[in-house]
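Asker: In the numbering used here, the protein residues as written are 363 to 825.
Ideal placement from N, C-alpha and C gives every residue a C-beta, glycine not left out.
Below you will find the structure I want to go over with you.
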């Protein structure tokens, strides 16, 4: 039993007040009876802590900003006199919950759904020259393609093949290398460079695949020929491809399409297609040769931001064709009185869907609504084995500045910088379903969209 003069091991609790703290004293190792009382001391200490927390008045609730600041800088909170311990931990948890419940900014649809599409980029001319692996002709072609100066699948395909012909002409095979093997590796960086300037597309991709196949055939048929003979064979093959698959094919399509154009017809076209342009000019020349007073009219439907139809409008009016120019929102008025709709295309999928300039699908849909026949003019080198339900996976993004800039109405332009809630999206292509196309005009004749797989097989054998 303890002596009365000996201080008690537990602090006394004054009436109506909090337990008084005493300075902790060093305890000797517990032995005997004292060692048996150690668990009771821990329990009493926990009880005192609980009583102290219960007697403390509740602190006023902090605002979310104060909670976030307290959670972010606990050192500052301590310096300001805020009590440390479980209270500060609770404020940190509350701040985290408030941050998670805070409404976030709406996601950008262009980034969320179209982040896989390539953005317009610079041709990287200094880096291409510095590498020493890119021919100057290919660099110049990349600049033209990236800047948008060279547009159209047929024009780009022809320009790429002509550039590769120059590359073959200037190429010199090392003495310890095989011509066709080393040439294949020589042109690979140039193909990759053109891909960085702009996606190849179906037409350019098919032409490059054919060209690499011709290089491989040199190792099978002309392995013993001289380097000059193999260069001449490749150059001749490129000339034949351009002549047969692009130039003559376009002329045959023009001859087939102009048979569907009659005097006093109203022809609706969209944007600009080199094949459609040639068909209209040949049709008016043939019609004038038979009867000078006979003619037909053309409605050029165009859209922002490229306005490709303006160049077509200048060419057709210079050729003596009466023309009307309208924008896509008013296309329904023009199509309601049309006799025929002629459309060009960048490629044609194996299911008959037409991949073309954005807005083509709207024109074809309106033509079906008004029961106007739609003819798609496409060369066979643009046929693709791809099948797609939409054009979200294989598309290109244009410059947002071109969409927002209105040269004729500066007052309607949005102020810069643009609001954060505004997202710009400019898709260059869309997909026209085969049920909206009446017939496909190719160099082999008119075919329904359902017969494209058969034509695709014949085209692969002919290539």
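1) Just to confirm the assignment: which complete alpha helix (DSSP H) runs, minimum length 4, are found wholly within the segment 625-702?
2) Roughly how many whole angstroms lie between the Cα atoms of residue 565 and residue 783?
3) Alpha carbons only, please: which of 606, 411 and 576 is nearest the one belonging to residue 593?
4) Using 8 angstroms as the cut-off, can you tell me whether the segment 610-628 makes contact with the segment 534-552, which would need three or more C-beta pairs spanning the two stretches below that distance?
5) Spatial neighbours of residue 687 within its chain, please: C-beta separation below 6 angstroms, excluding the five flanking residues on both sides.
6) Does the beta-carbon of residue 481 have 16 or more other beta-carbons within 10 angstroms, so that it is buried, or is it exposed?
7) Hey, would you say residue 744 sits closer than 9 angstroms to residue 721, going by beta carbons?
8) Helix, strand or coil: which one does DSSP assign to residue 813?
9) DSSP three-state label for residue 535, please.
10) Quick check for students: name the residue ranges of the beta strand (DSSP E) that lie wholly in the segment 713-764, counting only runs of 3 or more.
11) Out of 648, 665 and 690, state which residue places its alpha-carbon closest to the alpha-carbon of residue 683.
12) For residue 731 versus residue 677, is the C-beta distance shorter than 9 angstroms?
13) So is residue 793 buried or exposed if we call it buried at 16+ other beta carbons inside 10 Å?
14) What is the rounded straight-line gap between the Cα of residue 499 and the Cα of residue 531?
15) Of the choices 710, 752 and 667, whose alpha-carbon is the least far from that of residue 769?
16) Bridge partners of residue 808, per DSSP?
17) Determine the contact status of residue 741 and residue 637, defining contact as a CB-CB distance below 9 angstroms.
18) What residue range does the alpha helix (DSSP H) around residue 617 cover?
Answerer: If we stick to the structure as given:
1) 636-652, 671-680 and 693-697
2) Walking along the chain shown from the start, residue 565 turns up at place 203. Walking along the chain shown from the start, residue 783 turns up at place 421. Taking the straight line from one Cα to the other gives about 38 angstroms.
3) For the purposes of this step, residue 593 is identified with residue 231 of the chain shown, where counting begins at 1. For the residues 606, 411 and 576, the minimum Cα distance to residue 593 belongs to 576.
4) no
5) Residue mapping note: residue 687 aligns to position 325 of the chain shown, counting from 1. Contacts found: 662 and 675.
6) Counting from 1 along the chain shown, the entry for residue 481 is found at position 119. Result: exposed.
7) If you number the chain shown from 1, residue 744 lands on position 382. If you number the chain shown from 1, residue 721 lands on position 359. Contact flag unset, no.
8) Residue 813 sits at position 451 when you count from the first residue of the chain shown. Looking at residue 813 - three-state DSSP - the assignment turns out to be helix.
9) For the purposes of this step, residue 535 is taken as residue 173 along the chain shown, with counting starting at 1. Three-state DSSP puts residue 535 in coil, outside helix and strand.
10) 716-719 and 736-739
11) For the purposes of this step, residue 683 is taken as the residue at position 321 of the chain shown. The candidate whose alpha carbon is nearest that of residue 683 is 648.
12) Walking along the chain shown from the start, residue 731 turns up at place 369. Walking along the chain shown from the start, residue 677 turns up at place 315. Against a cut-off of 9 angstroms, the Cβ pair of residue 677 and residue 731 comes out as no contact.
13) The residue given as residue 793 occupies position 431 in the chain shown. The residue in question, residue 793, is buried, as its Cβ has 16 or more Cβ neighbours within 10 Å.
14) In the chain shown, counting from the first residue as 1, residue 499 sits at position 137. In the chain shown, counting from the first residue as 1, residue 531 sits at position 169. Roughly 12 angstroms between the two C-alpha positions.
15) Start at 1 with the first residue of the chain shown, and residue 769 comes out as number 407. With distances taken between Cα atoms, residue 769 lies closest to 667.
16) In the chain shown, the residue the question calls residue 808 occupies position 446. DSSP lists 803 as partners of residue 808.
17) Within the chain shown, the letter at position 379 stands for residue 741. Within the chain shown, the letter at position 275 stands for residue 637. Their beta carbons are under 9 angstroms apart, which means residue 741 touches residue 637 by this criterion.
18) Reading the chain shown from its first residue, position 255 is the one you call residue 617. 610-620 is the extent of the alpha helix (DSSP H) around residue 617.
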